[in-house]
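Protein chains in written order, with the working numbering: chain A, 1 to 168; chain B, 1001 to 1168.
For every residue, glycine included, the Cβ atom is placed at its ideal position computed from N, Cα and C.
Values in this document were obtained by computation on a predicted structure and should not be read as measured data.
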């Protein structure tokens, strides 16, 4: 038995993004209880030179949709990064879940050896096999932005724990 | 083609833990330049009710070694959590890398359907297949603690960027 490229990607993104929607439920409940505008979360940063909450979610979304598109050999979907409220972020997350779940296994399976080219701001583009791209680039990057979003909410006092992160 | 349970686990843990050693190089250089004791990093927390830097690294180590042992059907190695310096943390990380890399693919491959039982503080133990355990529990948990360790160093002013996180 082996695991497939589809099973190692789409369900991981889909489940974690579903967890993120539940973190936002708790974030909004916290904002309501403390009587502040949930939009205050959007600009939070862990350090002044780190990206704010909204960007963490947009980039997690991009990591998930970009991974699926690249593995399937499709054009990368370009979505406007214009979310300005928790409701907008929810819509972006749900749109990402729907996009990811819409891929059939047959579109993704067999992409282990596909050459993936990632443009870089400086120097040569990065070239990876589909398998290396998924394991060493797309998933680590996705989890980076998910965990940073989680940390920002924890830092803001939202009642989250590891069970919320993992989603059980 | 498909990816194997071994290729989806050991190289991911090994590479990221190697990246973590490089983050510690930068952390120590930062401490030297700013003339503070590198051990000051060990107690840093992102929030007063989050675990400190040392625990983030110990738990990332436990996530990696526990995943490999569980998938191989071996007893979980129990290591003392007694690290008290950056040098101790380095040794713990290197020991984890060596442990993870020591598994042969044949010990891990085919563990997709193995029943994995995870004790929980409250309630029934969690039962998962090897594949679900790796994708939805072990890897997310590992990346959680790696990213939190990274965020603590970033927060402390260490000159790290996404390239250090991903390791290229």
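Assignment of residue 126 (chain A) by DSSP, reduced to helix, strand and coil, places it in the strand class. In the same chain as residue 17 (chain A), and ignoring 5 residues on each side of it, the C-beta atoms closer than 7 Å to its own belong to 64, 93, 96, 97, in chain order. If you ignore the 5 residues before and after residue 156 (chain A), its C-beta comes within less than 7 Å of the C-beta of 41, 44, all in its own chain and listed in chain order.
In this structure, residue 151 (chain A) lies away from residue 1154 (chain B), with their beta-carbon atoms at least 8 Å apart.
Per the Cβ contact rule, the region 1133 to 1153 of chain B is in contact with the region 1005 to 1012 of chain B (3 or more Cβ pairs under 8 Å). In the DSSP annotation of this structure, the continuous segment of the alpha helix (DSSP H) that includes residue 28 (chain A) starts and ends at 10 to 34.
According to DSSP, residue pairing for residue 1117 (chain B) in a beta bridge involves B:1127. Between the alpha carbons of residue 138 (chain A) and residue 67 (chain A) lies a gap of roughly 6 Å.
Within chain A, 46, 148, 151 have C-beta atoms less than 7 Å from the C-beta of residue 1151 (chain B), given in sequence order. Excluding sequence positions up to five before and after residue 160 (chain A), its CB lies within less than 7 Å of the CB of 23, 26, 150, 153, 154, all in the same chain and listed in chain order.
In this structure, residue 72 (chain A) and residue 107 (chain A) form a Cβ contact; the two beta carbons are roughly 5 Å apart against a cut-off of 8 Å.
Annotated as distal: residue 88 (chain A) and residue 58 (chain A), with beta-carbon spacing of 8 Å or more.
Annotation: Cβ neighbours of residue 1136 (chain B) in chain A (cutoff 8 Å, chain order): 11, 12, 15, 166, 167.
A direct Cα-to-Cα measurement between residue 8 (chain A) and residue 1135 (chain B) gives close to 7 Å. In this structure, B:1070 is the residue among B:1086, B:1084, B:1099, B:1070 with its C-alpha nearest to the C-alpha of residue 1005 (chain B). With 16 or more other Cβ atoms inside 10 Å of its own Cβ, residue 1056 (chain B) counts as buried. About 4 Å separates the beta carbon of residue 38 (chain A) from that of residue 86 (chain A), a gap short enough to meet the 8 Å contact definition. Put simply, the CB of residue 1102 (chain B) is far from chain A, with every gap to its CB atoms at 8 Å or more.
Against residue 154 (chain A), the close residues of chain B are 1046, 1047, 1049, 1050, in the order they occur along the chain (beta-carbon pairs closer than 9 Å).
For residue 105 (chain A), the enclosing alpha helix (DSSP H) covers residues 105 to 108.
Counted as a single uninterrupted DSSP element, the alpha helix (DSSP H) harbouring residue 91 (chain A) occupies residues 86 to 101.
When C-alpha distances from residue 75 (chain A) are compared across A:60, A:84, A:117, A:101, the shortest belongs to A:117. Around the Cβ of residue 130 (chain A), a 10 Å sphere holds 16 or more other Cβ atoms; the residue is buried. About 25 Å separates the beta carbon of residue 1019 (chain B) from that of residue 1109 (chain B), a gap too long to meet the 8 Å contact definition. Scanning chain A for C-beta atoms nearer than 8 Å to the C-beta of residue 1125 (chain B) yields nothing, as the closest lies near 12 Å away. Rounded to whole angstroms, residue 101 (chain A) and residue 90 (chain A) show a C-alpha spacing of 16 Å.
Note on residue 1062 (chain B): 16 or more other CB atoms within 10 angstroms of its CB, so buried under the neighbour-count rule.
With fewer than 16 neighbouring CB atoms inside 10 Å of its own CB, residue 1032 (chain B) falls in the exposed class.
What residue 2 (chain A) touches in chain B, judged by beta-carbon distance under 8 Å, is 1002, 1003, 1004, 1005, 1109, 1112, going in chain order.
Just so you know, the alpha carbons of residue 1078 (chain B) and residue 1050 (chain B) end up roughly 23 Å apart. Going by DSSP, residue 1140 (chain B) is part of the alpha helix (DSSP H) stretching over 1139 to 1155. In this structure, the alpha-carbon of residue 1128 (chain B) lies about 22 Å from that of residue 105 (chain A).
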